[in-house]
Amino acid sequence: MMLIGIAGGIGCGKSVVSRILRLRGKHVYDCDLEARRIMDGSEEVRGSLRGRFGDAVCPAGGPIDRKALASHVFGSDEHRLWLNALVHRLVRSDLKAWCAQLEQAGADVCFVESAILASSGIADFCDEVWLVTASDEVRAARVAARDGADPAGIAARMRAQTEEERILNEKGIPLRSISNNPSHSLLRQLDAVCNPTSSAAI
Numbered sequence: 256m257m258l259i260g261i262a263g264g265i266g267c268g269k270s271v272v273s274r275i276l277r278l279r280g281k282h283v284y285d286c287d288l289e290a291r292r293i294m295d296g297s298e299e300v301r302g303s304l305r306g307r308f309g310d311a312v313c314p315a316g317g318p319i320d321r322k323a324l325a326s327h328v329f330g331s332d333e334h335r336l337w338l339n340a341l342v343h344r345l346v347r348s349d350l351k352a353w354c355a356q357l358e359q360a361g362a363d364v365c366f367v368e369s370a371i372l373a374s375s376g377i378a379d380f381c382d383e384v385w386l387v388t389a390s391d392e393v394r395a396a397r398v399a400a401r402d403g404a405d406p407a408g409i410a411a412r413m414r415a416q417t418e419e420e421r422i423l424n425e426k427g428i429p430l431r432s433i434s435n436n437p438s439h440s441l442l443r444q445l446d447a448v449c450n451p452t453s454s455a456a457i
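As numbered in my numbering, residues 256 to 457 make up the sequence shown, in order.
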């Protein structure tokens, strides 16, 4: 079975591509959503959080206090890297199990969406990566409309994500660029890569 990664920076439209694929009956694993589910349901995560940050972050029998967790993680590279390593490992394991189930059910292709496809290690499982792109101006306008974020904050987040594309290029995984600028038809591009008559049909 083929696993295709869907990558791209903030505001590029990864989720739009995933939504279109789901509407077409494709299987898409959303790493952000699944990471949250795993964190909430994993006793390993909850116990590790209590051991490192105390009961205030993860009270026994209660939900993870994400605001309290953020106060520990943001601003501390050590805590952030520790948490990422823990969660990414569990997400990779969950993704493998998800793919195995789909393959057993007869699926020939599935997709995984992540803003950190490379740094999380998930790109290493992918046969191909679709890199969704858009101009900086378009991306900034989308994020501002969606989140109400200030331009300086948006620009900083966009700069921080440029490393992902560099790592993807260095890994040598086949990359397919999909433009999500208003001047390009996203649907036509997806039709082209999903065309069953293509030699690389999806």
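Don't be surprised by glycine CBs; every beta carbon is placed ideally from N, CA and C. Keep in mind it's a predicted model, so treat the numbers as computed, not measured.
The secondary-structure analysis by DSSP pairs Leu258 across a beta bridge with Cys365.
The DSSP assignment places 391-402 as complete runs of the alpha helix (DSSP H) inside the segment 339-411, in order along the chain (cut-off: 4 residues). A straight line joining the alpha-carbon of Ser331 with that of Arg291 spans about 21 Å. Asp285 carries a strand assignment under DSSP once its states are collapsed to helix, strand and coil.
Between Ile428 and Val384, the beta carbon gap of about 5 Å places them in contact (Cβ cut-off 8 Å). Inter-residue distance for Met413 and Arg421 is about 13 Å (C-alpha atoms, whole angstroms).
Judged by DSSP secondary structure, Ser432 falls within the beta strand (DSSP E) whose first and last residues are Leu430 to Ser434. Judged by their CB atoms, Tyr284 and Phe366 are nearer to each other than the 8 Å cut-off. Shortest Cα-Cα distance from Glu299 to any of Leu338, Ala311, Ala262 and Phe329 involves Leu338.
Taking Gly376 as reference, the option from Ala355, Leu350, His282 and Gly306 with the minimal CA-CA separation is Leu350. Residue burial annotation: Ala395 is buried, with at least 16 other C-beta atoms found within 10 angstroms of its C-beta.
The closest CA to that of Asp446, considering only Gly266, Leu276 and Ile259, is found on Leu276. With respect to the C-alpha of Asp402, the residue from Gly266, Ile261 and Asn436 having the closest C-alpha is Gly266. In this structure, the CA atom of Glu425 is about 42 Å from the CA atom of Gly317. Taking C-beta separations shorter than 7 Å and ignoring five residues to either side along the sequence, the partners of Leu341 in its chain run Val300 and Ser303, following chain order. In chain order, Ile261 and Val387 place their CB closer than 6 Å to the CB of Val272, counting only its own chain and leaving out the 5 sequence neighbours on each side.
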